[in-house]
Each structure stands twice: as C-alpha cells, then as structure tokens.
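Participant: Read top to bottom, the protein sequences are chains A, B, C and D. Just so we're aligned: the first sequence equals residues 77 to 194 in this note's numbering. Just so we're aligned: the second sequence equals residues 77 to 194 in this note's numbering. Just so we're aligned: the third sequence equals residues 77 to 194 in this note's numbering. Just so we're aligned: the fourth sequence equals residues 77 to 194 in this note's numbering. Where a beta carbon is used, it is the ideal one built from N, C-alpha and C, also for glycine. Have a look at the structure that comes next, please.
Protein chains: 4
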Amino acid sequence: MASDDPTDAEAACFEAGIKFGSLYHQFAGTPVSPDSAASLETAMAESIENQPHCIDVTVDVLTDELEAELADSSADYTELTGRFLAVEIVVDYEGCEVVTRMEMEDGYPLMRLESVRS
Amino acid sequence: MASDDPTDAEAACFEAGIKFGSLYHQFAGTPVSPDSAASLETAMAESIENQPHCIDVTVDVLTDELEAELADSSADYTELTGRFLAVEIVVDYEGCEVVTRMEMEDGYPLMRLESVRS
Amino acid sequence: MASDDPTDAEAACFEAGIKFGSLYHQFAGTPVSPDSAASLETAMAESIENQPHCIDVTVDVLTDELEAELADSSADYTELTGRFLAVEIVVDYEGCEVVTRMEMEDGYPLMRLESVRS
Amino acid sequence: MASDDPTDAEAACFEAGIKFGSLYHQFAGTPVSPDSAASLETAMAESIENQPHCIDVTVDVLTDELEAELADSSADYTELTGRFLAVEIVVDYEGCEVVTRMEMEDGYPLMRLESVRS
C-alpha cells in the first residue's frame, strides 16, 4: 500500500499539468494568422511563465500548418487549436525538474511528461 | 541521481493538473449570478469529466460569496474567478488515484494534491 | 455627412455583438461530448443572459455533428467550436429589439443580424 | 414602425460589438504581470485585428493598476480583467466606420460606442 502524501516529484508533475491545461484552455479559440502567430507565441509563453514554479515555456505556432489550412479556405485567419501548436514547459518544484511537451500524435494533440528529475 | 522515466503516480498527478488548469482557464471570466450558478457548476463538471482519466469533478460556485460581492455593487452578475469556486477533481491513471482540490487560502485560490494512491 | 452620435438601434446592435463575441470566445475550446452537450447549452445560455440588455439566448449544441465527428475518431469528446453550434440571441436596448443568429454557412460559422426593430 | 432590415451602420455596430466581446472573453483570466503586459497587449491587438472588418485595435494593459494591485499582495502576477484594460477598436463595414472604447467607469469596465460615421 502506498502512502497518501504526495512526493515533491508528484507535486512537480501536478504543477506542470496545471500549466499545460491553463495554456491550452486560455488561448484555444484565439483568432490567429501567419502574421499574428509570433506575437501570440510570445504572449502565451510570458503569461504562463508568471505561474508559480514555472521556469520556462516555449510555444511554437506551426505556421506551415496554419498556411496549409488557410490555403484550402476563403478565410485569412483561423482559431488556435492543438494542431497548430508545439509547446514545451519546464517546471521546478523544490528542486525537482519536470519537462513536459505537447505535440500532435495520430491527429490528436498529446500532452506528456518528458522527464522528471529530483 | 533519479531516473527520468515518470512513474504512474507522477503521470496521474500530471493528468490531474491538466484538468485543474483546463477547468479554471476555460471558465474564468464567465458571467455568473446566483441564479445561473447551478447550471454553470453542472456544465463545468460534465465538460472536464470528458477528459481522459478523469473520474469525478465536483464544482461548487460559492453563492454566498457571489451574493456578498453583488450586495456591494450596482450589478446583478459578476465574472467567475477563483474566490467564487471550490472544486474537487479525482483522476485515475493506470490504477493510481489522485484527489485534488482548489480552495481559497489567505485570499488566493490554491490548487493542491490531496492524496496519491497507487 | 452623418452624425457621430449612435442611435438606439445602433447601440442595440453593438450590445448584441458583444453578447455573441462573449459567448463564442468564453466557451470555444470547452471539452464536449453528446452526453455533456445539454448541460453546456444551458450554462452558455444562462451565463450570457446575465449580461445587460440580453433578453433571451438559445444555444443548440449540434449533437448530430458531434456524433459524426466522433465516429471518425478514436476520441469520445472534442472541443466546442462553431461548427457544433447554432445560437440565437435577442437584445432589447431602450425599446429597440435586435435578433441575431449564428449558423454555419459554406463551412464557416457566421454571426448575423436577423432583425432590428425600434 | 421601423423596417427590419439592418442598415450598414447597424451591421458595423454589431461587428464592433463582436470584436469587443471576443477580445474580453478570450483573454480575461490570462496570468499577467507588469513584465508580461507588453507582449499580451500586442497579441490581443493582433489577434482581434484578424477578424473581419476590424481596422485597428489598441490595447493598454494598465501597469499602474497592476502594480497597485500587486503591492497589496504576496503574488507577483494576477489575472487579466477589465480594471486593468483600456481598449479602442475601430471597425469599417461597407464604408461605415465605428469607433468603440472600453474603460473603467464607477468601478466597472464599460464598453461603449464612441462614434458611427457612414
């Protein structure tokens, strides 16, 4: 039987998950075009870096994917969603460093733990 | 030196964090009044329960806090934010159950791990 | 040359637009499934009805469209976006009633003024 | 009795309202600090300028207000809400130009039509 009390590594993973959920659901739906992608990337990263224990956030808005979507369309912008994003977030909680990543896999944006180092 | 590979308990905590960040940043800012609090509670819980590994979500919109805020105001609704919420989320990942809670503490909404059982 | 001062009908149309933009960008991205569609419809309508001058909001989450999307997928929920929504919003500003609607047209969700009656 | 068909000026006001509601409910709740305010201003303006008929968006995140709030707090960031924002949006619909503004008034963020010129 395992103890109920979370370890620092578990707390670090919880914090990392909060950052991912926050980033995704705060910004999903934002109007985005190839021209406005860069400012959105910067704002997403800097806003989430404000959150506690968050060391580094890197956001790539995939402009190739955006351009492919818009080429098939009469519109010149679309709404931000997972298939236009690659994100890496690094959290440090009490000396435990967690690296997490979101990327497309089989057509779905998948958030996953890359590494947990205490 | 610790291994890099996350345990099931760490992955469960990561999943639990995602749900909290999603719930908060999807719904923060929603117009809410004492009359519309109940439907918002239900929708928040049911929407996040759709997410993978999410067993149970309980949302309380604190109508006493809402009424106190509106009593001092000329408005009859406000925007949803952490001080009007108490939330419990239960995640099960590969048999590891994580219970998490958000409540006010010293004037701030605090998300925390309650228990991790593998 | 036209006067600068907005008429009541113009102010009513501005208010109606605010409601539509609010509804869409507050709730786009919400995890939704056929089972959770009904509670989301109710919460969306009741939350936006809190806003000033908003008489009535009707939200249909298009469960047929949801089911068609999910049939092609390994997931059992998706994110709310315009192609799963039909919305009608009625605003009354100083006796001027505006009816607005959002529906798909040529593959895009289109928000439009149905009628303006002063 | 007025006709039902909206004028170009009314449609322009509706479009302007959509932009305001979109901007507010997309970005309300974003973690923000004095250091991240500038990138958020740029991203908010550029994202909403993507929307149809939107000529210009100017966003000021009121860093004085942010700093005053944070001085009373143990946190070094807060969530974006109306009292930290001044916004101007200009829409042109079929030659009709509408200027709209959001500012605090009596403690509430008020969105209003400044001018309508056809």
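Apart from the five residues just before and just after L142 of chain C, which ones in its own chain have a Cβ nearer than 8 Å to its Cβ?
Facilitator: Reading the third sequence from its first residue, position 66 is the one you call residue 142 of chain C. Excluding sequence neighbours, L142 of chain C sits near V108, S109, P110, A113, T154 and F160.
Participant: What's the C-alpha gap between T157 of chain C and K95 of chain C?
Facilitator: As a first step, residue 157 of chain C must be located in the third sequence, where it is residue number 81. As a first step, residue 95 of chain C must be located in the third sequence, where it is residue number 19. Their Cα atoms are separated by approximately 16 Å.
Participant: Mark I165 of chain B as exposed unless 16 or more other C-beta atoms lie within 10 angstroms of its C-beta, in which case mark it buried.
Facilitator: Position 89 of the second sequence, counted from the first residue, corresponds to residue 165 of chain B. It counts as buried.
Participant: When you compare the CB of D84 of chain B with every CB in chain D, is at least one pair closer than 9 Å?
Facilitator: Against the second sequence, residue 84 of chain B aligns to sequence position 8. So no, D84 of chain B is outside the interface.
Participant: Going by DSSP, name the residue or residues bridged to S191 of chain A.
Facilitator: Along the first sequence, one-based indexing puts residue 191 of chain A at 115. According to DSSP, which records beta bridges pairwise, S191 of chain A is partnered with A:V175.
Participant: Using 9 Å as the threshold, is the C-beta distance between G97 of chain A and G105 of chain B below it?
Facilitator: As a first step, residue 97 of chain A must be located in the first sequence, where it is residue number 21. As a first step, residue 105 of chain B must be located in the second sequence, where it is residue number 29. No. Outside cutoff.
Participant: Please report whether the beta-carbon of T176 of chain C lies at a distance below 9 Å from any beta-carbon of chain D.
Facilitator: If you number the third sequence from 1, residue 176 of chain C lands on position 100. By this cut-off, T176 of chain C is an interface position.
Participant: Would you say Y153 of chain A lies against chain D (beta-carbon separation less than 9 Å)?
Facilitator: Residue mapping note: residue 153 of chain A aligns to position 77 of the first sequence, counting from 1. Output row for Y153 of chain A: interface = yes.
Participant: What is the DSSP secondary structure of L142 of chain B, counted as helix, strand or coil?
Facilitator: Translated into the one-based positions of the second sequence, residue 142 of chain B becomes position 66. Correct three-state label for L142 of chain B: helix.
Participant: Do H101 of chain D and L99 of chain C have their beta-carbon atoms positioned less than 9 Å apart in this structure?
Facilitator: In the third sequence, counting from the first residue as 1, residue 99 of chain C sits at position 23. In the fourth sequence, counting from the first residue as 1, residue 101 of chain D sits at position 25. Yes, they are a contact pair.
Participant: What do you reckon, are the CB atoms on D80 of chain D and S149 of chain C nearer than 9 Å?
Facilitator: Stepping through the fourth sequence from its first residue, residue 80 of chain D is reached at position 4. Stepping through the third sequence from its first residue, residue 149 of chain C is reached at position 73. Going by C-beta atoms, D80 of chain D is not nearer than 9 Å to S149 of chain C.
Participant: What's the C-alpha gap between E91 of chain A and E86 of chain B?
Facilitator: By 1-based counting over the first sequence, the position of residue 91 of chain A is 15. By 1-based counting over the second sequence, the position of residue 86 of chain B is 10. If you take the alpha carbons of E91 of chain A and E86 of chain B, they lie about 11 Å apart.
Participant: Is any beta-carbon of chain B found at less than 9 Å from that of N126 of chain A?
Facilitator: Position 50 of the first sequence, counting from 1, holds the residue named residue 126 of chain A. For N126 of chain A, the answer is no, since every Cβ of chain B falls outside 9 Å of its Cβ.
Participant: If we cut at 9 Å on Cβ distances, does S149 of chain C have a partner in chain A?
Facilitator: Position 73 of the third sequence holds residue 149 of chain C. Yes, contact with chain A.
Participant: Who are the Cβ neighbours of V135 of chain A in its own chain at under 6 Å, not counting the five residues just before and after it?
Facilitator: Position 59 of the first sequence, counting from 1, holds the residue named residue 135 of chain A. The residues are E117, M120, A121 and V163.
Participant: Whose C-beta lies closer than 8 Å to the C-beta of T139 of chain D among residues of the same chain, with five residues either side of it excluded?
Facilitator: By one-based count along the fourth sequence, residue 139 of chain D stands at place 63. Within the same chain, T139 of chain D has close Cβ partners P110 and A113.
Participant: So, R188 of chain D versus C172 of chain D, is the Cβ gap smaller than 9 Å?
Facilitator: Taking the fourth sequence and counting its residues from 1, one reaches residue 188 of chain D at position 112. Taking the fourth sequence and counting its residues from 1, one reaches residue 172 of chain D at position 96. No; because the gap between Cβ atoms is not below 9 Å, this pair is not in contact.
Participant: In this structure, how does DSSP classify L196 of chain A when only helix, strand and coil are distinguished?
Facilitator: Past the edges of chain A, shown from 77 to 194, lies residue 196 of chain A, and the structure says nothing about it.
Participant: Hey, how far is the Cα of S123 of chain A from the Cα of V137 of chain A?
Facilitator: Numbered from 1 along the first sequence, position 47 holds the residue referred to as residue 123 of chain A. Numbered from 1 along the first sequence, position 61 holds the residue referred to as residue 137 of chain A. Each residue's alpha carbon lies about 16 Å from the other.
Participant: Give a single yes or no on whether Y169 of chain D has its beta carbon closer than 8 Å to a heavy atom of the ligand HEM.
Facilitator: The ligand HEM is not among the ligands present in this structure, which contains no ligands whatsoever.
Participant: Out of C:Q127, C:T176, C:E181 and C:T83, state which residue places its alpha-carbon closest to the alpha-carbon of P185 of chain D.
Facilitator: Along the fourth sequence, one-based indexing puts residue 185 of chain D at 109. The shortest Cα separation from P185 of chain D among C:Q127, C:T176, C:E181 and C:T83 belongs to C:Q127.
Participant: In chain order, what residues of the same chain lie with their CB nearer than 7 Å to the CB of E170 of chain B, ignoring the 5 residues before and after it?
Facilitator: Along the second sequence, read from residue 1 onward, the residue named residue 170 of chain B stands at position 94. D84, listed in sequence order.
Participant: For the candidate residues D:E181, D:M178 and D:V174, whose alpha-carbon lies nearest to that of I131 of chain D?
Facilitator: Residue numbering aside, residue 131 of chain D sits at position 55 when the fourth sequence is read from its first letter. Answer by Cα proximity: D:V174.
Participant: Find the residues of chain C that neighbour P110 of chain B, judging by a C-beta separation of less than 8 Å, and give them in chain order.
Facilitator: Taking the first residue of the second sequence as position 1, residue 110 of chain B is located at position 34. Within chain C, no residue comes near P110 of chain B; the closest Cβ sits about 10 Å away, beyond 8 Å.
Participant: Is there a Cβ of chain C sitting closer than 9 Å to that of H101 of chain A, yes or no?
Facilitator: By 1-based counting over the first sequence, the position of residue 101 of chain A is 25. Taking Cβ atoms only, chain C reaches closer than 9 Å to H101 of chain A, which makes this a yes.
Participant: Could you give the distance in angstroms between the alpha-carbon of A78 of chain A and the alpha-carbon of D168 of chain B?
Facilitator: As a working mapping, residue 78 of chain A is identified with position 2 in the first sequence. As a working mapping, residue 168 of chain B is identified with position 92 in the second sequence. Caution is warranted here: a pLDDT of 49 is assigned to A78 of chain A, below 50, making its placement in the model unreliable, and the coordinate value is therefore given only provisionally. Rounded to whole angstroms, A78 of chain A to D168 of chain B spans 15 Å at the Cα level.
Participant: Is A113 of chain A close to chain C? Criterion is C-beta to C-beta, closer than 9 Å.
Facilitator: Translated into the one-based positions of the first sequence, residue 113 of chain A becomes position 37. So, not an interface residue.
Participant: Taking only beta-carbon atoms, is R159 of chain B less than 9 Å away from chain A?
Facilitator: Here residue 159 of chain B corresponds to residue number 83 of the second sequence, with the count starting at 1. No, because no Cβ of chain A sits closer than 9 Å to the Cβ of R159 of chain B.
Participant: Taking 9 Å as the cut-off, decide whether the C-beta atoms of V133 of chain D and E145 of chain D are in contact.
Facilitator: Taking the fourth sequence and counting its residues from 1, the one referred to as residue 133 of chain D is at position 57. Taking the fourth sequence and counting its residues from 1, the one referred to as residue 145 of chain D is at position 69. Result no, Cβ atoms of V133 of chain D and E145 of chain D do not sit closer than 9 Å.
Participant: Taking DSSP's pairing of strands, which residues face Y169 of chain C in a bridge?
Facilitator: Taking the third sequence and counting its residues from 1, the one referred to as residue 169 of chain C is at position 93. Answer is C:C172.
Participant: Cα separation between F103 of chain B and A147 of chain A?
Facilitator: Looking up residue 103 of chain B in the second sequence gives position 27. Looking up residue 147 of chain A in the first sequence gives position 71. Whole-angstrom Cα-Cα distance: 33 Å.
Participant: Can you tell me whether D80 of chain A is helix, strand or coil according to DSSP?
Facilitator: On the first sequence, position 4 is the one that residue 80 of chain A refers to. The answer is coil: DSSP assigns D80 of chain A none of H, G, I, E or B.
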